[in-house]
Amino acid sequence: MSNNRAELDIGYLSSFIVILLFGSNFAPLKRYDTGDGMFLQWVLCAAIWLVALAVNLILHCPRFWPFAILEGYIWTTGNIAVVPVIKTIGLGLRILIWGSFNAVTGWASSRFGWFGMDAEDVSKPLLNYIRAGLSVVSAFIFLFIKSEIPCNTCATDTTLLLTEHVINSTPDPCAGSSWVDRLLAAHHRLLGCSLPVISGTLYDSTFVPIIFIKDHDKRNDSI
3 MSNNRAELDI GYLSSFIVIL LFGSNFAPLK RYDTGDGMFL QWVLCAAIWL
53 VALAVNLILH CPRFWPFAIL EGYIWTTGNI AVVPVIKTIG LGLRILIWGS
103 FNAVTGWASS RFGWFGMDAE DVSKPLLNYI RAGLSVVSAF IFLFIKSEIP
153 CNTCATDTTL LLTEHVINST PDPCAGSSWV DRLLAAHHRL LGCSLPVISG
203 TLYDSTFVPI IFIKDHDKRN DSI
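Under this note's numbering, the first residue of the sequence shown carries the number 3, and numbering increases by one thereafter.
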């Protein structure tokens, strides 16, 4: 009983740390122009790889499963949408929509054993389905929340540090802006609400390869 209690406490503490860090890791992006986000994605993935390398060395290089590479591919694909979503609907609304669809997809995949994982049994199925239904309802409610993000961020209220004077030319206020900054208001909203749904689904599928390996390794060692 004491071991189970200790594991439960560690699980809750780890979840709190994950919520705190994942909920604020993109906050610095509000202060800088990130363009279309591809350079940010490259730097972010490089930093994650360095941290993972250090942890791997600390753990004395445990066995490597090639199938787990799929986890990084899924996460990176979903993470590409971060910058466009923040520019269109903001960071807070993005987390609400992403988290709701992340929770629903995670519940369905673990409850019904999607993607080759072992299905989990619950002691009270009715309460489990009610919780999942409320998550679905909240996810669609979040889609109707209005954000105060300007629809066109390439306005003329910013001054460039260096300007190149060209004779008989008209300065373009949107020069150097990304494709997200040039979207119309309707496209802003559509893009900002659809990308978190896709990225939330992909984020939840991130750990599918790891869980698949763990579930199948219990029965055989053929992976």
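Even glycine gets a Cβ: it sits at the ideal position worked out from N, Cα and C.
Selected residue, minimal CA-CA separation from residue i, among the options
i	options	result
residue 130	139, 113 and 146	113
residue 46	200, 109, 27 and 17	27
residue 93	60, 44, 17 and 33	33
residue 127	13, 109 and 77	109
residue 148	140, 95 and 56	95
residue 309	142, 132 and 115	Absent from the structure is residue 309, since the part of the chain shown begins at 3 and ends at 225.
Within 8 Å, strictly: CB atoms of residue i and residue j
i	j	result
residue 202	residue 103	yes
residue 210	residue 111	yes
residue 144	residue 99	yes
residue 39	residue 97	no
residue 71	residue 204	no
Span separating the alpha-carbon of residue i from that of residue j
i	j	result
residue 107	residue 22	21 Å
residue 134	residue 124	13 Å
residue 53	residue 137	33 Å
residue 59	residue 65	12 Å
residue 7	residue 139	33 Å
residue 214	residue 118	6 Å
residue 192	residue 80	17 Å
residue 248	residue 207	The question about residue 248 has no answer, for the chain in this structure spans 3 to 225.
residue 29	residue 121	36 Å
residue 5	residue 11	10 Å
residue 84	residue 51	19 Å
residue 224	residue 63	The pLDDT assigned to residue 224 is 48, lower than 50, so where the model puts this residue is not dependable, and the model offers no usable value.
Nearest-angstrom beta carbon gap, residue j and residue i [assumed within contact, 8 Å]
i	j	result
residue 197	residue 86	6 Å
residue 190	residue 90	5 Å
residue 73	residue 200	With 8 Å as the limit, residue 73 and residue 200 do not qualify as a contact, their Cβ atoms being about 17 Å apart.
residue 88	residue 31	6 Å
Min CB distance residue i to chain D below 8 Å
i	result
residue 209	Here there is only one protein chain, and chain D is not present.
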